Amino acid sequence: MKKPMISHHVASAASGLRHVFVRDLDLMALIGIYEHEKTDPQRIIVNIDLSVMEGEGPQGDDIGHVVSYEIVVKKVEQIIAEGHINLVETLCEKIAAACLRDKRVVAARVRVEKPDIIKNARSVGVEIERQR
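Each residue of the sequence shown is one higher than the one before, counting from 3 in my numbering.
Written as structure tokens, this is what we have:
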């Protein structure tokens, strides 16, 4: 049986899709390939957009029945607390993988920016999208 075509970019009642997101999460992290980046935390900005399949019937007013943005933020903080990461790409992949462990999440779009790196740029970074 072929999977129904779902646009992961639009919340849709017809497909039972909602988006859970975290915007502009401002954190300090040990990230980068240069020696000073391995010892001096630097500012990163994380954006996450999760495409979540809703369950059958009403969800009820219970946090246990939904994908919680608070838990998503804690996952990001835990990944960063594990220690130095060389590449922004690696951090994006780790965050996406952690989010996709929840079976209700069908797609994860993750953007990590380093705002204080390039003098004449507001930020630089990487954005990925991973699907189940």
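For each residue, glycine too, the CB sits at the ideal point set by N, CA and C.
This structure is a prediction, so every number in the text was calculated from the model and none was measured.
Check, Outcome
"Arg25 and Val54 closer than 9 Å at C-beta", "no"
"Residues near Glu84 by beta carbon distance below 6 Å, same chain, minus five either side", "none"
"Cutoff 6 Å; reference Cys101; Cβ partners in own chain excluding five residues on either side", "Leu52, Val107 and Ala110"
"For Ile47 and Glu115, believed in contact at Cβ under 8 Å, the rounded distance", "4 Å"
"Outcome for Gly57 when other beta-carbon atoms lying within 10 angstroms are tallied against a minimum of 16", "exposed"
"Unbroken stretches of the alpha helix (DSSP H), 4 residues or longer, contained in the region 39 to 121", "71 to 83 and 90 to 102"
"Alpha-carbon spacing of Glu37 relative to Asn88, whole angstroms", "10 Å"
"Where the beta strand (DSSP E) containing Ile130 begins and where it ends", "Val126 to Gln133"
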